[in-house]
Each structure stands twice: as structure tokens, then as C-alpha cells.
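Have a look at the structure below, then the notes.
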Amino acid sequence: MKRFRSRFDGVLRVRRQYEQLAKAEVARRNAALNSAELRLAAELQALDEVRRTTTRQMETGVSGSFLTAVQAALTTRQQAVTNAEAQRRQCELDTRQAHESYQRTRRELAAVEQAVHDERAEHRRTQFRLEDHRMQEQGSQTWHQADVNGLRSQS
């Protein structure tokens, strides 16, 4: 007997591939978000270190060149922190979009799986009806054959 093949099997295969791609994209975006968070933490730590160093140096005395160097270092570190925060926000947005895409792909896959399930159930019902019809026809033919051969008892 030929194995049943849904007309949606190709679509189902493609949807499963899309789901795997979306899952991989979510993982990639999560890794980028983790990296951005680590970079932000490192930049905040570096800024804090500049502030601590400045505080220690100011206790011993302050010169004009020192203040200029401190201002440049603080500006540079603050800009690095701002850039790291912007990158983290962008990574969060990208991760959220990738997750939404994955959820949408999962819903589409579930819809196709349901269509395949429904189609297979309808195929089974049709096969049962055909089998029932064959059995009734076979019973009718047996009854008729018994009547022709005189095997059926006369009441």
C-alpha cells in the first residue's frame, strides 16, 4: 500500500528549516547582546578607574596640565560608555525582533502541522469509508453468489 504523502509535506519541511534558522538567529543575537553587556561593564569599570585615579592624584596636588589630561580621559571614557550603551540598546532591539520572528515562525509551522494533521485525518476517514464500502460490496457479492449457487437456505 502506498504511504500517504501530504501535499503540505514540502511546505512543512521548508517551515521547519525556517524555524531552525530563526532559532539560530535568536541564539546569535543573544550572544551579541551578552557581548555588548560585557563591553558596557568593561567601559563602566574603566571610567570608574579613571575617576578613582583622578581622586588619588588630586589629593597630592593639581596642576593645569593634570586637569586637562583628566578632562580628556573622562570625556574619552564617557564617550566609550555612551557608545557601549547605544550598542547594548541596539542589541536588545535586535534580540527582541529576532525572538518575535522566531515566535511568528513557530506559529506558521504549527499552522502547517495542523493542516497536515487535518489532511491525514481526512485521508484516514476516506480510507475507512472506502474499506467499508468494499466490505459491504464483498458481502453483497457473497450473498448473491450463494443465491446463484443455491447455497442460501429457502425459508
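Counting the sequence shown from 1 gives a position; the working numbering is that position plus 32.
Even for Gly, the Cβ is constructed at its ideal location relative to N, Cα and C.
On a predicted model such as this, the values are computed, not experimentally measured, just so you know.
Cutting at 7 Å between CB atoms, please list the residues of its own chain near residue i, excluding the five before and the five after it.
| i | result |
| --- | --- |
| E124 | L65 |
| H131 | V58 |
| V102 | T86 |
Return the residue from the list the options that minimises the CA-CA distance to residue i.
| i | options | result |
| --- | --- | --- |
| A104 | T86, T174, Q129 | T86 |
| Y41 | D179, A112, Q119, H149 | The sequence shown places Asp at residue 41, rather than the Tyr named in the question. It is H149 whose Cα lies nearest to the Cα of D41. |
| D126 | S97, A116, N62 | N62 |
| Q119 | R39, L72, A178 | L72 |
| T108 | N181, Q168, E81, R121 | E81 |
| R60 | Q129, E91, Q177 | Q129 |
State the DSSP-derived secondary structure class of residue i, mapped to helix, strand or coil.
| i | result |
| --- | --- |
| G42 | helix |
| R95 | It is worth fixing the name first, because residue 95 is Ser in this sequence and not Arg. Looking at S95 - three-state DSSP - the assignment turns out to be coil, as it is neither helix nor strand. |
| R88 | helix |
| N181 | coil |
| R157 | helix |
| R37 | coil |
Answer yes or no: do residue i and residue j have a C-beta to C-beta separation smaller than 9 Å?
| i | j | result |
| --- | --- | --- |
| L79 | V113 | yes |
| E51 | R138 | yes |
| R39 | E151 | yes |
| Y134 | A74 | no |
| Q111 | F98 | no |
| R83 | L106 | yes |
Ordered along the chain, which non-local residues of its own chain (more than five positions away) have a Cβ less than 8 Å from that of residue i?
| i | result |
| --- | --- |
| R48 | L141 |
Spatial neighbours of residue i within its chain, please: C-beta separation below 6 Å, excluding the five flanking residues on both sides.
| i | result |
| --- | --- |
| A68 | Q119, R120, C123 |
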